[in-house]
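Trainee:
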Amino acid sequence: MRPVRFTEFVVTTVRPRAARVQTLAEACDTRHPFGVGITLGVGGEARWQFTGQLPEGAKHDSFTDEAGAGTPAPAGPSLVRERRAGAWIAAVAGAQCPEVAAIERWSTRPNTASATKGLTLTFHNGARIFARLL
Numbered sequence: 002m003r004p005v006r007f008t009e010f011v012v013t014t015v016r017p018r019a020a021r022v023q024t025l026a027e028a029c030d031t032r033h034p035f036g037v038g039i040t041l042g043v044g045g046e047a048r049w050q051f052t053g054q055l056p057e058g059a060k061h062d063s064f065t066d067e068a069g070a071g072t073p074a075p076a077g078p079s080l081v082r083e084r085r086a087g088a089w090i091a092a093v094a095g096a097q098c099p100e101v102a103a104i105e106r107w108s109t110r111p112n113t114a115s116a117t118k119g120l121t122l123t124f125h126n127g128a129r130i131f132a133r134l135l
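The structure is reproduced here in structure tokens:
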């Protein structure tokens, strides 16, 4: 899944659950081409940048972004109870999408010293999305 299609997926999935959701372009963020701004309520807006990686051996000019389907990644925490940004976006990103094979939250990695918050989504077709909290 390429970042543009993933952005559309997140906006569609989040819209019924959030106070506000918009693409970074709609939020006038010209520095990051793909991503979303999500307002859950009183907590303010969280902005997420999305970058992608094609499956190994794929070429940009010939990759058709075909949906690889399989068993969806586990749903993750309840969106109602979970308010930490990393867990929340992981739950949204998975959302029982049959294209998502695995979700790794960076904050749960052993010996993580990085202050960067985000996650890596691996799709059944081998592509990856890296979602970074701005």
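Residue numbers for the sequence shown follow this note's numbering, beginning at 2 and rising by one.
Quick reminder that beta carbons are idealized off the backbone N, C-alpha and C, glycines included.
1. Relative to the alpha-carbon of residue 57, which residue among 135, 31, 133, 128 has its alpha-carbon at the smallest distance?
2. With distances taken between CB atoms, is the gap from residue 38 to residue 50 smaller than 8 Å?
3. Could you give the first and the last residue of the continuous alpha helix (DSSP H) run that contains residue 8?
4. Note down, in chain order, each residue of its chain lying with its Cβ closer than 7 Å to the Cβ of residue 100, except the 5 sequence neighbours on either side.
5. Helix, strand or coil: how does DSSP classify residue 128 here?
6. Grab the span of the beta strand (DSSP E) containing residue 107 for me, first residue to last.
7. Residues in the same chain with beta-carbon distance under 7 Å from residue 74, minus the five sequence neighbours each way, listed in chain order, please.
8. For residue 52 versus residue 4, is the C-beta distance shorter than 8 Å?
9. Inspect the beta-carbon positions of residue 28 and residue 90 and report whether they are closer than 8 Å.
Mentor: Let me spell this out:
1. Taking the sequence shown and counting its residues from 1, one reaches residue 57 at position 56. Ranking the options by Cα distance to residue 57, first place goes to 128.
2. Residue mapping note: residue 38 aligns to position 37 of the sequence shown, counting from 1. Residue mapping note: residue 50 aligns to position 49 of the sequence shown, counting from 1. Not in contact: residue 38 and residue 50 (Cβ atoms no closer than 8 Å).
3. Here the question's residue 8 lines up with position 7 in the sequence shown. In the DSSP assignment, residue 8 falls within the unbroken alpha helix (DSSP H) covering 4-15.
4. Taking the sequence shown and counting its residues from 1, one reaches residue 100 at position 99. 2, 68, 69, 70, 124, 125.
5. Position 127 of the sequence shown, counted from the first residue, corresponds to residue 128. Of the three classes helix, strand and coil, the one that applies to residue 128 here is coil, per DSSP.
6. Here residue 107 is taken as the residue at index 106 of the sequence shown, counted from 1. That residue, residue 107, is in no beta strand (DSSP E); it is neither H nor E in DSSP.
7. Along the sequence shown, one-based indexing puts residue 74 at 73. Contacts found: 95, 101, 102, 103, 104.
8. For the purposes of this step, residue 52 is taken as residue 51 along the sequence shown, with counting starting at 1. For the purposes of this step, residue 4 is taken as residue 3 along the sequence shown, with counting starting at 1. Yes; because the gap between Cβ atoms is below 8 Å, this pair is in contact.
9. By one-based count along the sequence shown, residue 28 stands at place 27. By one-based count along the sequence shown, residue 90 stands at place 89. No.
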